[in-house]
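Those letters in the sequence shown? Residues 1197 to 1655, by the working numbering.
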Amino acid sequence: AVIYFVQSFAAKLPWHPDECGGCTTGDYFGQTVLNAASFGDEGGWDVQGKLFLALMAVWFVTWLALAGGKNTLGKIAYFTVCFPVLLMIIIFCKAVTLEGAGDGVSYYITPDMSHLTKANTWSAAASQILFSLSPAMGTAIAMSSYHERTYDRILQDNLVVICCNSGFSIFGGFAVFSIVGYLAEQRGLPVEQVASAGTGLAFDVFAEVLTLFPGGSSPFFSVCFFFMLLLLGLDSAFAFVETLQTYVVDFIQHKRPDLEITPKMNMIIVTGLCGVLFLIGIMYTTRVGSDLLDVADHFCPTYCLLFVALVEYVLIAWMYGAEKMIQDIRNCAPPQWQQYIPAKAIAIQMKFIGPIGIAFIMLMALIDEFDGDSLQANSSGWKTYGGYPTGVTIVLGWGPVVLPVGFFFFSVIRAHMTGVTTPEFNPAVLDEDRKPNTSQTASTKADDNATPRPDGSSD
1197 AVIYFVQSFA AKLPWHPDEC GGCTTGDYFG QTVLNAASFG DEGGWDVQGK LFLALMAVWF
1257 VTWLALAGGK NTLGKIAYFT VCFPVLLMII IFCKAVTLEG AGDGVSYYIT PDMSHLTKAN
1317 TWSAAASQIL FSLSPAMGTA IAMSSYHERT YDRILQDNLV VICCNSGFSI FGGFAVFSIV
1377 GYLAEQRGLP VEQVASAGTG LAFDVFAEVL TLFPGGSSPF FSVCFFFMLL LLGLDSAFAF
1437 VETLQTYVVD FIQHKRPDLE ITPKMNMIIV TGLCGVLFLI GIMYTTRVGS DLLDVADHFC
1497 PTYCLLFVAL VEYVLIAWMY GAEKMIQDIR NCAPPQWQQY IPAKAIAIQM KFIGPIGIAF
1557 IMLMALIDEF DGDSLQANSS GWKTYGGYPT GVTIVLGWGP VVLPVGFFFF SVIRAHMTGV
1617 TTPEFNPAVL DEDRKPNTSQ TASTKADDNA TPRPDGSSD
């Protein structure tokens, strides 16, 4: 997105056929931007300079935002959260006026019931919700931990976040499929043959459509679109690093309750996290980086997040106690809201509907994984996802899936052997024997250099 955003300021888009020697947008993305290669090709692991610089720029901006403290990140977050909505409205207003937009919208809102019998439909839907709302990534927990224990607007915040998230996704779908319908009209093909997923949607389908906009408006809308993608990516990076930072600080304070998290220590933690994540991301800047991303994108959202969500259900509903959790929610709600919380329905959902549904989706996804056509023989004769090398599939695929499973069972066994019990929670009383509230973590102990929640309201 960084590369396309910068190139969009040209008088004529570089991926236009007249500018790239008649190449398609797909060829431009794969050959010019990624310089993609297959595993086993000579130079496949060579780092691509412009991708490396783009990666460095993204993590430098992320570091600046987080290391600058609540005053810096709060102002940046308001911009990076609100401005993409404005850009999406601009793109939507243009998209719905394009020829063929109606066909794309019709395809978008007309359900195909046959897909409900496919496992990948359910796993993709569950993964999308888990990724966008982050219940299985710890982001919501980390961000909400910056509230005071007496904060009583948790339910209202949840409703706002859920409605805004799904509303923006649905609204964005109208813009996306209007553009896909326009491209289908230009190509003379059905919409379903043009619709794509993953990076192909943004850097192939959308990139081509942007070259077709009439009246010399292509650069303007290209800047809007790729700047929107860049801001959304930065938002995700801010939240992810902030989540990790919160857990690191909580771990330190759990081991050393007497240790004060100073601004300098906060800076060191943020720098370390950004540095490690930057180093991990370098492998995606190689010529085989797109294939590495394909493996990670296939396994992590589909299996890893689903399993973590299942574990959260087990831990909260069965080990901590669904009834106890519901009472905690009531304690955090205004008195006038407490009578409207359907305790029995929530308990049934937490104990049975949620975990059984996720377990069923995981089982169907695994069956589809091994019985479908995603497994192909690689050069070593092993059947792996996409026929990729066995080591890559293990390290970036099954490894991140198996590790949380092993850690979960290890933690449960250790807790059982050491007799650890779940604590009682009363938001109105701060038990001095318990770990300090996460509102006393880096964001409050570092004062003005603290890091707030992405909405900028850490207190």
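We put the beta carbon where it would ideally sit given N, CA and C, even for glycine.
No experiment lies behind these values; they were computed from the predicted model shown.
Spatial neighbours of residue 1355 in its own chain (CB-CB distance under 6 Å, excluding positions within 5 residues in sequence) are not present.
Here residue 1247 carries a helix assignment [DSSP, helix/strand/coil]. For the pair of segments examined, the segment 1454-1473 was found not to touch the segment 1231-1240: the number of CB pairs separated by less than 8 Å stays below three.
Below 8 Å, too few C-beta pairs join the segment 1395-1408 and the segment 1326-1334 to call them touching: fewer than three. DSSP places residue 1406 inside the alpha helix (DSSP H), whose first and last residues are 1403-1408. Within the DSSP bridge table, the entry for residue 1580 names 1572 as partners. As computed with DSSP, residue 1482 is found in a beta bridge with 1243. By a beta-carbon distance limit of 8 Å, residue 1235 contacts residue 1484. Their separation comes to about 6 Å.
Residue 1522 has its alpha-carbon roughly 6 Å from the corresponding atom of residue 1539. Inclusion of residue 1440 and residue 1475 in the CB contact set at 8 Å is not warranted, their separation being larger than that value. No Cβ-Cβ contact shorter than 8 Å links residue 1227 with residue 1482. Judged by DSSP secondary structure, residue 1533 falls within the alpha helix (DSSP H) whose first and last residues are 1531-1534. In the structure shown, the three-state DSSP call for residue 1346 is coil. A residue is called buried once 16 or more other Cβ atoms fall within 10 Å of its Cβ, and residue 1465 is buried on that count. DSSP places residue 1549 outside any alpha helix (DSSP H), giving it a letter other than H or E. Contact between residue 1338 and residue 1442 holds, since their C-beta atoms are separated by about 4 Å, short of 8 Å. Straight through space, the alpha carbons of residue 1360 and residue 1206 are spaced by roughly 34 Å. A distance below 8 Å separates the beta carbons of residue 1498 and residue 1323. Between residue 1597 and residue 1503, the CB-CB gap stays under 8 Å. Residue 1604 and residue 1555 have their C-alpha atoms spaced approximately 16 Å apart. Residues 1304 of the same chain have their beta carbon placed closer than 7 Å to that of residue 1369, with the five preceding and five following residues left out of the count. By the Cβ rule, the segment 1296-1316 does not count as touching the segment 1418-1434, because fewer than three pairs are nearer than 8 Å.
Residue 1282 sits away from residue 1374, with the two beta carbons spaced by 8 Å or more. The alpha-carbon of residue 1222 is positioned some 31 Å away from that of residue 1278. One alpha carbon belongs to residue 1542, the other to residue 1409, and they sit about 49 Å apart.
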